[in-house]
DNA sequence: GATGAATGAGCTTTCATTCAT
DNA sequence: AATGAATGAAAGCTCATTCAT
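Protein chains in written order, with the working numbering: chain G, 1 to 227; chain B, 1 to 227; chain W, 1 to 227; chain S, 1 to 227.
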């Protein structure tokens, strides 16, 4: 147990210095300085600098995978929308809870090392598969317009990734709120950055409009306006 | 002149080995071997490995900036759509003409080095500003629906980036063509990957639907169907 | 008593791993793994890796010293020959009983460490002194021909060492038996390698011919042939 | 040429420190300090510490191989004896010219490393083969007595090795001269050690008596005494 | 006595950069 | 201008030994 504790300490220290300086600019010297352990101790818990990073990457990707739930499409349009919203929100939460790792995963990990790249590719491919399956089902159900599933799945993934990334970097804060007419007041304050839920709504709306058949969108807008 | 020629040779060699192996995995030894010059000669033209990479990055970003033209909004909806299409196509072309650098710019450059990151950020921020201005104008003209300009600008950028990236990596090839009803036969052949223009159309359609006011979309679809 | 028992266990383990991998390639980790004790325990019984090896070396050299008996020259030529034979056989036995240590002592120990070297030198010097004394006495008794005692003592030692070493490494097995005319059948079987006694006889004969005055050798061969 | 010169300098430095401290106790730091070059320079000429040592070993073994000439047996007993004498003298000379390497080759190299061991074994096996062939031929010609060729070849090799080694270590100096009756005064002085030729004669005599058929030895001694 | 986690000096090797030719 | 030998700081990693429990 103590052993596991020490391991976690080193992992935490590694996470900090890795995301502060990047993978290559970080030396084992930095990690152990941050962790307050001796050089040898580091190698008692990990076989290499590479392994520490890999562990961090694995853990984070697993966390993300947990947060992405499969959509239940039987619950109607509104229900689907809610589930999508929850997925995005949970993922954003995961990033927000691990701001340091997020920086690495969203940016740097690509190009570091064949192994890391493969891990990330695999993860994103998993997401893409999920999106593609959803799109295909939506087409069958007649709620998604005709489109090239593979291309559009990538577009969806990209739109979410970029927004998530910019929210995390604090470049999408609440100051833009005024741009949007009819916004409900944002509930600021979360350490994550303000008004995350509004951002999620925006991205969802963006994608829903981009994907759904016009008739559904018409119904929806009529409903929104009320009778 | 001769001097400039030598410089270009080294840059070309550097571009090749950098994109074959990545920034860190590439040594000055690789560059000079590829260029066929002596070690000392390299430092006659560049002060450091870093500088070579920075030069390549600058040149490529400049190329991209040239390829993105400001939209003339006075030419009507169809005209705007054409301009957007041309922009995306030109950018994709720039990437396709520089497959080696693209790999690095789209992936690895982030996280390499504070300076590189800043350059890339600045570039992307320029793109975002352009998109935001267009969106704002579109709102004024009544062709863009109400939305959070900053968030949606990021979503647009992200959707394009991801698709471009996947096209370059050959992960969005023509095999998906059948998914789309009513597709015209794709004109294969470009080394870039097949049917790029179709992919561009898909992404544009995706974003147009996501952004424009419903009335415009209705007009458009009515027109498409014919009288 | 328990303490002594533990100590022996560690020594035994050390002997095994040292001779399997050599002194330098063996780590304390290997020793304790083999002994089944904890790291700290090792240092409870020995102050260093070096000390363990030194102990093994000392013990083995003592064993060898025990096996080399001083020659009683008063018993006649035949008796001397028997005693020589017994000495060599006993030493060979000691090596055979400790194949693991032998490997190290005969090869590696020299050059490992100043202290180890000194120990070995001292041991071999003791052997040389013994041989030299015997030669001097033999000269006085008129059974040894005129020779440079110091040089020849070294030659004798060397001839025996090399043969012993090669027997232990299994490079002097019985296949050579046919070369020798009139050999009595070898009694195989000892794990040491076959026909050790014949090898001992060969080396003795070699040295006796090299050392004794011709007249004695003549007598001997006449006697062998019978009257 | 300059390049080769530097390489030789490093080899020379390495030879010195290797034989002063042994292989394991010598670090690359010691070698470069002795050679007066920078760390990187060392790795410009050799890929590893191991390689330097291997080079030294190879060169020395090649030198030794050159010095051992095949015996021409057609020239009569006296001629053979001269050739043997020359072989041993040349080998001793090679050792004497490379006192540093000799220390390593004769002692330490065994047990250092599988590769080194193999090299040495191969070399000694070559010597043994030569000796065995000579013995077999001698038997056919009737000048060598019946014996176990393999065992005795080892004994011969051992006797020479040990004597060579002790001469090099200065442990077989001329002080023993008086032990030998009728010795001509030794011509001291060579840094190599005094009176090497006398030592060689002793070892030869030792082996000749050990090997030759008694009749030949009788003839020889009768001839020595003169008519 | 026994444990095994912790230590840190030390190792070999790499590579961006300099400089004498 | 061009060369390539030389540099040395710094990297990742090992392992004999110590020490708190």
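All C-beta atoms in this analysis are idealised placements derived from N, C-alpha and C, irrespective of residue type, glycine included.
For the ligand MN, is there a heavy atom less than 7 Å away from the beta-carbon of residue i?
i, result
"residue 117 of chain W", "In the structure on display, the ligand MN does not appear, and there are no ligands present to speak of."
Give the secondary structure of residue i by DSSP, where H, G and I count as helix, E and B as strand, and everything else as coil.
i, result
"residue 199 of chain W", "helix"
"residue 190 of chain G", "Because the pLDDT of residue 190 of chain G is 38, which lies under 50, any placement of that residue in the model is unreliable, and the number read from its coordinates should be weighed accordingly. In this structure, residue 190 of chain G counts as coil in the three-state DSSP scheme."
"residue 68 of chain S", "coil"
"residue 212 of chain S", "strand"
"residue 37 of chain G", "coil"
"residue 113 of chain W", "coil"
"residue 46 of chain S", "coil"
"residue 220 of chain G", "helix"
"residue 12 of chain S", "helix"
"residue 171 of chain B", "coil"
Which word fits residue i, buried or exposed, when buried means at least 16 other C-beta atoms lie within 10 angstroms of its C-beta?
i, result
"residue 188 of chain S", "Residue confidence for residue 188 of chain S is low, a pLDDT of 37 falling below 50, so the modelled location carries little weight; the figure read from the coordinates is stated next. Exposed, since its Cβ has fewer than 16 Cβ neighbours within 10 Å."
"residue 203 of chain G", "buried"
"residue 26 of chain B", "buried"
"residue 76 of chain G", "exposed"
"residue 142 of chain S", "exposed"
"residue 65 of chain S", "exposed"
"residue 223 of chain G", "exposed"
"residue 182 of chain B", "Reliability of the predicted coordinates at residue 182 of chain B is poor, the pLDDT of 41 falling under 50, and no value is obtained from them."
"residue 57 of chain S", "buried"
"residue 62 of chain G", "exposed"
"residue 12 of chain B", "exposed"
"residue 165 of chain G", "buried"
"residue 218 of chain S", "exposed"
"residue 134 of chain G", "buried"
"residue 195 of chain W", "buried"
"residue 205 of chain S", "buried"
For the alpha helix (DSSP H) that residue i lies in, which residues bound it at each end?
i, result
"residue 26 of chain S", "Counting along the chain, residue 26 of chain S falls outside any alpha helix (DSSP H), and DSSP gives it neither H nor E."
"residue 245 of chain W", "Nothing about residue 245 of chain W can be reported from this structure: the residues present for chain W run from 1 to 227 only."
"residue 87 of chain S", "76–97"
"residue 1 of chain W", "Per DSSP, residue 1 of chain W belongs to no alpha helix (DSSP H) and is neither H nor E."
"residue 264 of chain B", "Outside the displayed span of chain B (1 to 227) sits residue 264 of chain B, for which this structure offers no information."
"residue 142 of chain W", "Careful: residue 142 of chain W lies outside any alpha helix (DSSP H) and carries neither H nor E."
> For the 8 Å Cβ check, are there 3 or more pairs between the region 90–110 of chain W and the region 39–51 of chain W?
Replying inline: no
> With a cut-off of 8 Å, do at least 3 Cβ pairs link the region 126–140 of chain W to the region 141–153 of chain S?
Replying inline: no
> Is there contact between the region 26–35 of chain S and the region 27–35 of chain W, where contact requires at least three CB pairs shorter than 8 Å?
Replying inline: no
> Is the number of C-beta pairs between the region 205–212 of chain W and the region 4–15 of chain S that are closer than 8 Å three or more?
Replying inline: no
>> Beta carbons nearer than 7 Å to chain W: which residues of the region 138–155 of chain S have them?
In response: 146, 147, 148, 149, 150, 151, 152, 154, 155
> When you check each C-beta in the region 74–90 of chain S against every C-beta of chain W, which residues fall closer than 8 Å?
Replying inline: none
> In chain order, what residues of the region 90–103 of chain G put their CB closer than 7 Å to some CB of chain B?
Replying inline: none
>> Under 8 Å, with one C-beta from each stretch per pair, do the region 116–135 of chain W and the region 156–164 of chain W reach the 3-pair mark?
In response: yes
> Using Cβ-Cβ distances below 7 Å, what residues of the region 12–31 of chain S are close to chain W?
Replying inline: 22, 24
>> Short of 8 Å Cβ to Cβ, which residues in the region 50–62 of chain W face chain S?
In response: none
>> Please list, in chain order, the residues of the region 118–133 of chain S that have any C-beta partner in chain W closer than 7 Å.
In response: none
>> Output needed in chain order: residues of the region 195–207 of chain S with a Cβ under 8 Å from some Cβ in chain W.
In response: 198, 199, 202, 203, 205, 206, 207
> If contact means a Cβ-Cβ distance below 9 Å, which residues of the region 213–224 of chain G contact chain B?
Replying inline: 214, 217, 218, 221
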